[in-house]
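So for the sequence shown, the working numbering puts the first residue at 865; every next one is plus one.
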Amino acid sequence: MNINTNNILNNLQTNLIKLSAQDKIDDSANSADKMLYDDINSDMLQSQQEILNFNDAIGYMQVADGVLSNISDQTDELNTLSVASNNAALNNDQKAMINSQMQDIANNINKTISQTTYNGRNVFNSDFQIDNQSVNLNINTDNLDTTNQKSILDFQKHIDSLRSDIGSFMNGANANVDNLTTKVVNEANSKSNYEVDIAKTINEINKDNLNLNANLLAQAHNTDILANSIKQLLT
């Protein structure tokens, strides 16, 4: 689904660039028309940049969610090992081996968090904000005690909560792209009054927008499933 979103947004970006490049106004147009045309074109370029910004934000969040999915799997493994370590039939060497495995997993989680970057920026332990949307991506592993199963379960709930927040952020970002694309299409229709035929490009943008809406609904559905899962864990 994430790959599909990227493909849709990349196609949309390509068509928007193509649309803004179609900027030849009829030489016979009067000064007022040319001024209006320039205003429309300027607004389109601004919207195009905003779409690019949201596209980058979605890419950033996809990286974060992918890493958190991996950390979630590792935390599940920690929980399984924690249960195994409570087996009264184990000898000291076997328990020591399990504890060593658990510590290695915890160390790898910390390493992953500290080394995950996007465009040279550390993804975690910071707030990410664009427009009026923000996500707190701070992950505190100080309280992750591999010898305490409750600590492991609490950490798992924290990771699931972050993933739910990321899903909500991405849905909001996609909705913004949708609104901006609609705005650009409307402006493009206005530009078409002054230009040679650009209907084909507008149709392609509308098609991208429909695909994005379908993908947005699918992501919202998955986010609801995750939110319900978290609710069940917390009850």
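Positions of the beta carbon are idealized from the N, C-alpha and C atoms, including for glycine.
Nearest-angstrom Cβ-Cβ length linking residue i and residue j, presumed shorter than 8 Å
i	j	result
residue 936	residue 1020	7 Å
residue 1052	residue 994	The Cβ separation is near 24 Å, so there is no contact.
residue 938	residue 973	6 Å
residue 987	residue 928	5 Å
Under 8 Å between C-beta atoms of residue i and residue j
i	j	result
residue 948	residue 962	yes
residue 1016	residue 1008	yes
residue 1003	residue 983	no
residue 1000	residue 1006	no
residue 912	residue 1048	yes
residue 1041	residue 980	no
residue 1045	residue 915	yes
residue 1100	residue 942	As displayed, the chain neither begins before 865 nor continues past 1099, which places residue 1100 out of reach and without an answer.
residue 945	residue 958	no
Cβ neighbour criterion (16 or more within 10 Å) applied to residue i
i	result
residue 919	buried
residue 1029	buried
residue 1024	buried
residue 933	exposed
Run of the alpha helix (DSSP H) containing residue i, from where it starts to where it stops
i	result
residue 1003	Looking at the DSSP string, residue 1003 is not in any alpha helix (DSSP H), and its letter there is neither H nor E.
residue 970	956-979
Residue interval of the beta strand (DSSP E) (run including residue i)
i	result
residue 991	991-994
Assigned secondary structure, residue i (DSSP; H/G/I helix, E/B strand, else coil)
i	result
residue 1043	helix
residue 1093	Any reading at residue 1093 is ruled out, since the residue's pLDDT is 49, under 50, leaving its predicted position unreliable.
residue 986	strand
residue 1016	helix
residue 952	coil
residue 1011	coil
residue 1061	Its pLDDT being 48, under 50, residue 1061 is placed unreliably by the model, and nothing is read from it.
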